[in-house]
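Engineer: These protein sequences, in sequence, are chains A and B. Numbered per this note's numbering, the first sequence spans residues 61 to 167. Numbered per this note's numbering, the second sequence spans residues 2 to 121. Note that CB positions come from ideal geometry on N, CA and C, so glycine has one too. All of these numbers come straight from a predicted model, not from anything done at the bench.
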Amino acid sequence: DIQMTQSPSSLSASVRDRVTITCRASQSIGISLNWYQQKPGKAPQLVIFAASSLQGEVPSRFTGSGSGTDFTLTITSLQPEDFATYYCQQSYSTPYTFGQGTNLEIK
Amino acid sequence: QVHLVQSGAEVKKPGASVKVSCKASGYTFTGYHMNWLRQAPGQGPEWMGWINPNTGGTNYASKFQGRVTMIRDTSISTAYMELNSLRSDDTAVYYCASSSSWEGWWFDPWGQGTLVTVSS
Numbered sequence: 061d062i063q064m065t066q067s068p069s070s071l072s073a074s075v076r077d078r079v080t081i082t083c084r085a086s087q088s089i090g091i092s093l094n095w096y097q098q099k100p101g102k103a104p105q106l107v108i109f110a111a112s113s114l115q116g117e118v119p120s121r122f123t124g125s126g127s128g129t130d131f132t133l134t135i136t137s138l139q140p141e142d143f144a145t146y147y148c149q150q151s152y153s154t155p156y157t158f159g160q161g162t163n164l165e166i167k
Numbered sequence: 002q003v004h005l006v007q008s009g010a011e012v013k014k015p016g017a018s019v020k021v022s023c024k025a026s027g028y029t030f031t032g033y034h035m036n037w038l039r040q041a042p043g044q045g046p047e048w049m050g051w052i053n054p055n056t057g058g059t060n061y062a063s064k065f066q067g068r069v070t071m072i073r074d075t076s077i078s079t080a081y082m083e084l085n086s087l088r089s090d091d092t093a094v095y096y097c098a099s100s101s102s103w104e105g106w107w108f109d110p111w112g113q114g115t116l117v118t119v120s121s
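1) Which first and last residues belong to the beta strand (DSSP E) in which W103/B is found?
2) Residues of chain C with a CB under 7 Å from the CB of P46/B: which are they?
3) When you compare only the Cα positions, how much space is there between L164/A and T145/A?
4) Could you tell me which residues DSSP pairs with T118/B in its beta bridges?
5) Could you check whether S100/B and N53/B sit closer than 8 Å to each other, using their CB atoms as the reference points?
6) Is D130/A helix, strand or coil by DSSP?
7) Could you list which residues in chain A have their beta carbon closer than 7 Å to that of N60/B, in chain order?
8) Could you tell me whether the Cβ of N94/A comes closer than 8 Å to any Cβ of chain B?
9) Just tell me which of G50/B, A93/B and S102/B has its CA closest to the CA of T70/B.
10) Step through the CB atoms of chain B and report whether any lies within less than 8 Å of the CB of I110/A.
11) When you measure from the CB of Y81/B to every non-hydrogen atom of the ligand MG, does any distance come out below 7 Å?
12) In whole angstroms, what separates the C-alpha of T132/A from that of A85/A?
13) Report the neighbours of D90/B on chain A: residues whose CB is nearer than 7 Å to its CB, in chain order.
14) Give me the residue from P155/A, Q139/A, Y156/A and Y147/A with the minimum Cα distance to Q97/A.
15) Compile a chain-ordered list of the residues in the segment 120-145 of chain A whose CB is closer than 8 Å to at least one CB of chain B.
16) Tell me which residue opens and which closes the beta strand (DSSP E) that A80/B is part of.
17) Can you tell which of S72/A, L71/A and R76/A has its C-alpha closest to the C-alpha of T45/A?
18) Keeping to the same chain, check which residues put their C-beta closer than 6 Å to that of G161/A; ignore five residues upstream and five downstream.
19) To the nearest angstrom, report how far apart N60/B and T29/B are at their CA atoms.
20) Kindly give me the distance between the Cβ atoms of S22/B and Y81/B, rounded to whole angstroms, as I take these residues to be in contact under 8 Å.
21) Determine the closest residue to S86/B out of A98/B, R68/B, T92/B and W103/B, with distance taken between C-alpha atoms.
22) What does D74/B reach in chain A if we use C-beta pairs closer than 9 Å?
23) Opposite G124/A in the DSSP bridges: which residues?
24) If we call anything under 8 Å between Cβ atoms a contact, is V19/B one with L116/B?
And the structure:
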């Protein structure tokens, strides 16, 4: 199975800050990397697919990049609604696996 | 609007089975794979497998092979996931989520989740 490792596991930031979350795969996965946002008591929601494509109406302050084994999710100018837990997920091969999550908290 | 609505919370005893349903609306049910995932408290999601609603074909994660069954009823656009021989560590929120085999295996949208509690 492909292991996904996120860092940091938690992050404190302020509104209007810029933050970056990193995700590393245990083997090369091309651009088969997706990011989800999850708020307490809710299902995860897709934010970025195929490493850098923005889903639907997700604001442009969200940016994904990377390929191979190293990926990043960057959020510029944090807004109050962005504080949540973020997960990366590889869609390269089954079983599809997720990182352990990054909890983005308000400072 | 694409929508997945799951059945309600369940409480089961160890060794029992649970069956969770997921009703789809707003799109062609047979056009997209339906995945089942679960999330234990404080953990990331875990993919359990998918069913192709068009053919009924399935792909289960090896961890759940022999214990999970995914079926669908196309007449009512509903997918089902049954997990047998429940243990306490099966306590989790179970989700259905759609994905496209030709676009890529990301999950969107998700159902609202079904809490399954396994306790004696």
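Structural biologist: Taking the coordinates as given:
1) In the second sequence, the residue the question calls residue 103/B occupies position 102. Per DSSP, W103/B belongs to no beta strand (DSSP E) and is neither H nor E.
2) Considering every chain present, this structure includes no chain C. Its protein chains are A and B.
3) Residue mapping note: residue 164/A aligns to position 104 of the first sequence, counting from 1. Residue mapping note: residue 145/A aligns to position 85 of the first sequence, counting from 1. Their backbone Cα atoms lie some 6 Å apart in a straight line.
4) Here residue 118/B is taken as the residue at index 117 of the second sequence, counted from 1. DSSP, once it has assigned bridges, lists V12/B as partnering T118/B.
5) Here residue 53/B refers to the residue found at position 52 when the second sequence is read from its first residue. Here residue 100/B refers to the residue found at position 99 when the second sequence is read from its first residue. Cβ atoms of N53/B and S100/B: not closer than 8 Å.
6) Along the first sequence, one-based indexing puts residue 130/A at 70. Reduced to three states, the DSSP call for D130/A is strand.
7) What you label residue 60/B is simply residue 59 of the second sequence in a count that begins at 1. In chain order: T154.
8) Taking the first residue of the first sequence as position 1, residue 94/A is located at position 34. Yes, N94/A counts as interfacial toward chain B.
9) Taking the second sequence and counting its residues from 1, one reaches residue 70/B at position 69. With distances taken between Cα atoms, T70/B lies closest to G50/B.
10) Position 50 of the first sequence, counted from the start, is the residue given in the question as residue 110/A. The sequence as given places Ala at residue 110/A; Ile does not occur at that position. Chain B, which has a Cβ nearer than 8 Å to the Cβ of A110/A, makes this yes.
11) With respect to the ligand MG, the structure offers nothing, as it holds no ligand at all.
12) On the first sequence, position 72 is the one that residue 132/A refers to. On the first sequence, position 25 is the one that residue 85/A refers to. Straight-line Cα distance between these residues: approximately 12 Å.
13) Position 89 of the second sequence, counted from the first residue, corresponds to residue 90/B. Within 7 Å Cβ-Cβ: nothing; D90/B doesn't reach chain A, min ~17 Å.
14) Within the first sequence, numbered from 1, the residue matching residue 97/A stands at position 37. Ranking P155/A, Q139/A, Y156/A and Y147/A by Cα distance to Q97/A puts Y147/A first.
15) none
16) Within the second sequence, the letter at position 79 stands for residue 80/B. T79 to L84 is the extent of the beta strand (DSSP E) around A80/B.
17) Only positions 61 to 167 of chain A appear in this structure, which leaves residue 45/A out of reach.
18) Here residue 161/A refers to the residue found at position 101 of the first sequence. Taken in chain order, the residues that qualify are T145 and Y147.
19) The residue labelled residue 60/B in the question sits at position 59 within the second sequence. The residue labelled residue 29/B in the question sits at position 28 within the second sequence. Rounded to whole angstroms, N60/B to T29/B spans 21 Å at the Cα level.
20) Looking up residue 22/B in the second sequence gives position 21. Looking up residue 81/B in the second sequence gives position 80. Contact flag correct, Cβ pair sits at about 5 Å.
21) For the purposes of this step, residue 86/B is taken as the residue at position 85 of the second sequence. Nearest of A98/B, R68/B, T92/B and W103/B to S86/B, Cα basis: R68/B.
22) What you label residue 74/B is simply residue 73 of the second sequence in a count that begins at 1. Residues of chain A passing the Cβ test: none, with the nearest at roughly 22 Å.
23) Taking the first sequence and counting its residues from 1, the one referred to as residue 124/A is at position 64. BP columns for G124/A point to L133/A.
24) Counting from 1 along the second sequence, the entry for residue 19/B is found at position 18. Counting from 1 along the second sequence, the entry for residue 116/B is found at position 115. Contact flag unset, no.
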